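Everything below concerns the one structure shown next.
Structure, rendered in structure tokens:
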């Protein structure tokens with residue numbers, strides 16, 4: 001299964017662990033990036049003419065300075081990394097580390113879980129965004145129009161994220177303007193919590209995407225064979241609710257056409273009824289029929305072992 005995608009992932013392994021050599025002049029150049037003033041990577045690119053992917057410093061509207069990764073090349077560049085969703089233990093089921101669902105167990109009395117899709121908590125570091133969950137102040141501070149998403153194998157260093165990715169895409173509809181300018185406001189409008197609505201009728205928006213790596217069919221192949229019958233590739237979807245009224249946050253690369261969203265959407269509230277607690281966790285029901293087996297509702301191993309990087313522009 002997925003022979004071309006597997007081949008692609010294997011070809012990246014040779015360089016993933018090789019750190020770049022850095023001269024003193026190069027270190028001085030990187031340090032000088034701290035002098036740039038901008039609330040987003042797009043502002044830094046437009047104001048200072050920066051055209052190189054890498055780590056930059058940004059400043060919030062209240063003066064908080066933080067470091068993040070800027071994609072300065074894709075579709076004109078100016079994309080700011082604001083978060084990553086990483087599953088470090090698919091068997092943990094809403095325990096420590098499941099920041100995008102619940103770290104308090106699968107609990108109907110904790111319907112919002114951690115609530116990190118709609119709050120100002122931050123965590124993690126940009127350099128470890130494929131090793132652990134990550135969320136920076138840009139998530140709620142940047143006034144953005146579009147999103148870009150990269151699926152990058154776990155433990156990949158940032159300077160190889162682009163080449164190592166198994167899927168990359170972006171939107172071009174300026175849809176975030178309709179929802180407050182970022183995910184913080186979008187998820188206030190569409191809360192991610194248990195028992196907030198019914199599947200399909202109460203889901204959030206589904207936005208068409210443009211692929212930078214991959215296509216509609218390869219996207220569907222990353223998810224389980226059973227999932228393929230109820231998803232349409234070529235979209236990013238928000239606040240998808242399952243048959244049991246549990247909400248998930250983001251369906252990456254697909255639009256739900258059914259109610260088994262826990263098998264192809266990430267994040268969510270603090271309670272998943274079916275198979276309690278087997279669905280609970282940041283990658284919800286991705287290993288429903290075995291770890292990385294790509295059987296039934298289980299995703300491919302490539303998908304299960306990749307972090308989802310979220311960018312704004």
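In UniProt numbering, the protein residues as written are 1 to 313. Even for Gly, the Cβ is constructed at its ideal location relative to N, Cα and C. No experiment lies behind these values; they were computed from the predicted model shown.
- In this structure the segment 134 to 145 lies against the segment 60 to 70, because at least three pairs of beta carbons, one per stretch, are closer than 8 Å.
- Excluding residues up to 5 positions away in sequence, 222 lie with their Cβ nearer than 6 Å to the Cβ of residue 303 in the same chain.
- In this structure, the straight-line span from the alpha carbon of residue 105 to that of residue 247 is close to 16 Å.
- Secondary structure at residue 206: strand, using DSSP grouped into helix, strand and coil.
- Rounded to the nearest angstrom, the gap between the Cα atoms of residue 224 and residue 251 is 14 Å.
- The beta-bridge partner set that DSSP reports for residue 250 consists of 238, 266.
- Spatial neighbours of residue 286 in its own chain (CB-CB distance under 6 Å, excluding positions within 5 residues in sequence) are listed in chain order as 299, 304.
- DSSP lists 84 as the beta-bridge partner residues of residue 134.
- As the crow flies, the alpha-carbon of residue 213 is around 33 Å from that of residue 198.
- Assignment of residue 160 by DSSP, reduced to helix, strand and coil, places it in the helix class.
- Residue 272 carries a coil assignment under DSSP once its states are collapsed to helix, strand and coil.
- Secondary structure of residue 212 (DSSP, three-state): strand.
- Contact between the segment 203 to 217 and the segment 233 to 243 is present, with at least three C-beta pairs closer than 8 Å.
- For residue 56, the enclosing beta strand (DSSP E) begins and ends at 54 to 59.
- Going by DSSP, residue 232 is part of the beta strand (DSSP E) stretching over 231 to 233.
- In the three-state scheme derived from DSSP, where H, G and I count as helix and E and B as strand, residue 25 is classed as helix.
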